[in-house]
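Under our numbering, the first residue of the sequence shown is numbered 478, with each subsequent residue one higher.
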Amino acid sequence: MSISDKDFEQLRDFIYNICGMYFHSTKKYFLESRLTRRMDATGTNSYQDYYQLLKSLRGGEELKFLMDEITTNETYFFRNVPQLNALETKLLPEIVESKTKMGFRKLRIWSAGSSSGEEAYTLSMILLEKRAGLLKDWIIEIIGTDINETVISQAKEGIYNAYSVRNIPDLYKRKYIREDGGKFILSPDVKKFVTFNKLNLYDDSKMIFMKSFDFIFCANVLIYFDTASKSKVVQHFYNNLQPYGYFFVGQSESLHGVNDKFKTVHFPGGFTYKK
Ligand SMILES: C[S@@+](CC[C@H](N)C(=O)[O-])C[C@H]1O[C@@H](n2cnc3c(N)ncnc32)[C@H](O)[C@@H]1O
478 MSISDKDFEQ LRDFIYNICG MYFHSTKKYF LESRLTRRMD ATGTNSYQDY
528 YQLLKSLRGG EELKFLMDEI TTNETYFFRN VPQLNALETK LLPEIVESKT
578 KMGFRKLRIW SAGSSSGEEA YTLSMILLEK RAGLLKDWII EIIGTDINET
628 VISQAKEGIY NAYSVRNIPD LYKRKYIRED GGKFILSPDV KKFVTFNKLN
678 LYDDSKMIFM KSFDFIFCAN VLIYFDTASK SKVVQHFYNN LQPYGYFFVG
728 QSESLHGVND KFKTVHFPGG FTYKK
């Protein structure tokens, strides 16, 4: 069923106000097809009825299914290698030194918009390799969050397909991944530093509690937001980052026009942000 401009705008604005994702009119057909699937599943006969369902008392439950339909969850291990190299060789040692001077031995990392967990577990593998040296006796906390509950369940499971693991360097693959019938199962060692929770980045009442991170990654998430919703979310990241911490976005993203408080720090093949 084709969606009228009025219904499109109403549902688009509803989604935007909930999660910050903005569907430009060029994405009308994408949204239409995803909404149609939910209308079939819920037995609603028109976009108007579906909108009323979302706004009703049962709306919260339906919203969860809608989020599963409209979010793009593409991800894989070792996605942004220059970023990971910079973290490993320069930024992590620098933070460890700063925190050691202050008497802290705990590292907190947030993968915001973690999808099925590949980014968070990539970081866990890298840090595991530092357990004998730089991070000996350190407490490591890696928190993955996403609005999509299905990907959060997959992340907690830690079982992946060949596509997801294709970029993992052999050393890590041998140590931390076990293959079983075409599935790639993560070692418990990698999982033990990482927890996953559902979190809507656009929900101020929850975002204010995500405190004191040394590294925050929000890669390939804000591309689905408009400038105003990006600014709001990035301000939370700014507030929740330690003064010596770093904030990372995806390879083709930047905070240009979104936030002018963060300072850019360049490294070979990319850049990151600092307060
Ligand atoms: C393309 S994936 C990025 C995964 C990973 N960060 C990476 O770069 O490989 C984008 C993720 O952002 C999540 N997302 C979108 N809007 C969100 C919101 N308002 N709150 C939390 N997560 C959101 C989606 O559910 C999706 O899993």
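Positions of the beta carbon are idealized from the N, C-alpha and C atoms, including for glycine.
Asked, Found
"Secondary structure of Ser588, DSSP reduced to three states", "strand"
"Buried or exposed by the 16-neighbour rule on C-beta atoms within 10 Å, applied to Asp614", "exposed"
"Gly635 to Lys578 span [Cα, whole Å]", "35 Å"
"Residue from Glu618, Ile624, Gly537 whose Cα sits closest to the Cα of Arg582", "Glu618"
"The stretch 495-508 contacting the stretch 626-643, beta-carbon criterion three pairs below 8 Å", "no"
"Beta-carbon gap between Thr599 and Phe661 smaller than 9 Å", "no"
"Phe673 classed as buried or exposed, judged by whether at least 16 other C-beta atoms fall within 10 angstroms", "buried"
"Asn557 and Gly727 closer than 9 Å at C-beta", "yes"
"The stretch 648-655 touching the stretch 676-686, judged by at least three CB pairs closer than 8 Å", "no"
"Three-state class that DSSP yields for Ile576 in the structure shown", "Note that residue 576 is Lys in the sequence shown, not Ile. Of the three classes helix, strand and coil, the one that applies to Lys576 here is helix, per DSSP."
"Segment limits, alpha helix (DSSP H) that includes Pro665", "665-668"
"Given Lys688 as reference, the closest of Glu486, Leu534, Leu612, Ala589 once Cα atoms are compared", "Ala589"
"Counted within 10 angstroms of its Cβ, other Cβ atoms place Tyr750 as buried (16 or more) or exposed", "buried"
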